[in-house]
Amino acid sequence: YGRIDVLINDAGVVTHFMSGSPRWPVIRDMESSFFDNVMRTNLLGTFHATKHAIPYMEAQHEGHIINFGQGNVRNAREPDSIGAAVYHVSKVAIRAFTKEVAAEEREHNICIVSMGPGGGDASPNDGRRGIATDETPADKRERMRWVGDVVKDRYVLAAEAPMELSGNQITARDGKLVKLDD
11 YGRIDVLIND AGVVTHFMSG SPRWPVIRDM ESSFFDNVMR TNLLGTFHAT
61 KHAIPYMEAQ HEGHIINFGQ GNVRNAREPD SIGAAVYHVS KVAIRAFTKE
111 VAAEEREHNI CIVSMGPGGG DASPNDGRRG IATDETPADK RERMRWVGDV
161 VKDRYVLAAE APMELSGNQI TARDGKLVKL DD
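Add 10 to the 1-based position in the sequence shown for the numbering used here, that's all there is to it.
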């Protein structure tokens, strides 16, 4: 069609599952190739998709880019976070990438935001983490969100985000976009 109106960068790799491991390796045990695979998929994947969408959006003098990033570093003392350093670093880097590219493309009316993959209308302080599926063990489901709870209209809202939100980490609450603190 010759246009790109919205780009959603949803790159994410969970490489430890491919090797059959239930947990991420800690840095001291991590192969460089593991680190490289996560960074190349998450950060470089976001870079390439953004780089190739921008010329279309600049020609249109409008567009929206939604990156799956993380606004700040998570609490590494949480048991589920131990060993996930490279994943978290890649997502925080996407957040920084979002800020920088948003500044570069503001004059072309391209709104670039980052969102976490979870959350949505759920309270950010409700203690639930991750996305539950039918395969999630019953004892962990209470601490997680269901995909249907997460998706709702957040991506539709983000695809219509106003320019004043460009460069920010956002989420949807009560059917509205909200800027998160950095």
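Ideal placement from N, C-alpha and C gives every residue a C-beta, glycine not left out.
task = Report yes or no: do the stretch 108-122 and the stretch 36-55 share at least 3 C-beta pairs separated by less than 8 Å?
result = no
request  = Output the distance between the C-alpha atoms of residue 33 and residue 70, rounded to the nearest integer angstrom.
outcome  = 44 Å
inquiry  = Can you tell me where the beta strand (DSSP E) holding residue 70 begins and where it ends?
reply    = Unbroken run through residue 70 is the alpha helix (DSSP H), 55-70; no beta strand (DSSP E).
task = Count the other C-beta atoms from every protein chain shown that fall within 10 angstroms of the C-beta of residue 101, then say buried if there are 16 or more, exposed otherwise.
result = buried
ask   = Where does residue 194 fall in DSSP's three states?
value = The structure shown does not extend to residue 194, since the chain spans only 11 to 192, so no value can be given for it.
inquiry  = Measuring alpha carbon to alpha carbon, tell me which residue in 35, 65, 13 and 48 is nearest residue 99.
reply    = 48
request  = Write down the C-beta distance between residue 22 and residue 108 rounded to the nearest angstrom, noting that I regard them as a contact closer than 8 Å.
outcome  = The pair is not a contact, with the Cβ atoms about 15 Å apart (cut-off 8 Å).
Euclidean distance between Cα positions of residue 80 and residue 175 = 16 Å
request  = Could you tell me the boundaries of the alpha helix (DSSP H) in which residue 47 lies?
outcome  = 42-49
First and last residue of the uninterrupted beta strand (DSSP E) at residue 16 = 16-19
key: Pairwise C-alpha distance: residue 40 and residue 63   = 33 Å
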